[in-house]
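What follows is a short report on a single structure.
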Amino acid sequence: MHVTQGTVANTDYSEVIIPTLEALADRPVQVAVTTGGRDVSTLPPLPANAFAASYLPYDELLARTSVLVTNGGYGGLHHAMRHGVPIVIAGDSEDKVETSARVQYAGVGGESADGSPGAGCCEGCGRADSG
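In UniProt numbering, the protein residues as written are 1 to 131.
Laid out in structure tokens, this is it:
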């Protein structure tokens, strides 16, 4: 699984990254976290099933990703769709409302009901427990 807040709205990790890590901490998945260019030392301590990098090459990462949890950044969404990765969106700044609507309309993912991923954020996401 991959979680990111992209390169613009990535200063408050409590919006997407932290709740996703908390929700997945005890699940049998590996979680790749990217900070969109911020130093990984700015992240809180990661659970044992997670690793972090400032950036990762999306064509390589998403070919191995079961679910993308994101704030809805344009670039990440397009890469995920190219690789057939189900998408969970939790974001409402910049163009995120529009991209979220398009993802839902296309049937390639869904939006978190309260704008923040939580314990059920990846339920029903197809390959969610495979990695």
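C-beta atoms are modelled at their ideal positions from N, C-alpha and C, and glycine is treated no differently. Quantities reported herein were computed from a predicted structural model and do not represent experimental measurements.
Here DSSP, grouped into helix, strand and coil, assigns Val88 to strand. Ile87 and Gly109 do touch by the CB rule: their CB atoms are close to 3 angstroms apart, below 8 angstroms.
Between Leu46 and Val97, the alpha-carbon positions lie close to 29 angstroms from each other. Secondary structure note for His78: its alpha helix (DSSP H) is the uninterrupted segment Tyr74 to Arg82. In the structure shown, Leu62 falls within a helical segment according to DSSP collapsed to helix, strand and coil.
Look at Leu68 here: in three-state DSSP terms it is strand.
Just so you know, the alpha carbons of Ser66 and Gln30 end up roughly 10 angstroms apart. Leu62 is positioned such that its CB atom lies closer than 8 angstroms to that of His83. In the structure shown, the three-state DSSP call for Thr7 is coil.
Residue burial is scored here from C-beta neighbours: Tyr105 has fewer than 16 other C-beta atoms within 10 angstroms and is therefore classed as exposed.
If you draw a straight line from the Cα of Ala53 to the Cα of His2, it comes to about 11 angstroms. One alpha carbon belongs to Leu24, the other to Gly72, and they sit about 19 angstroms apart.
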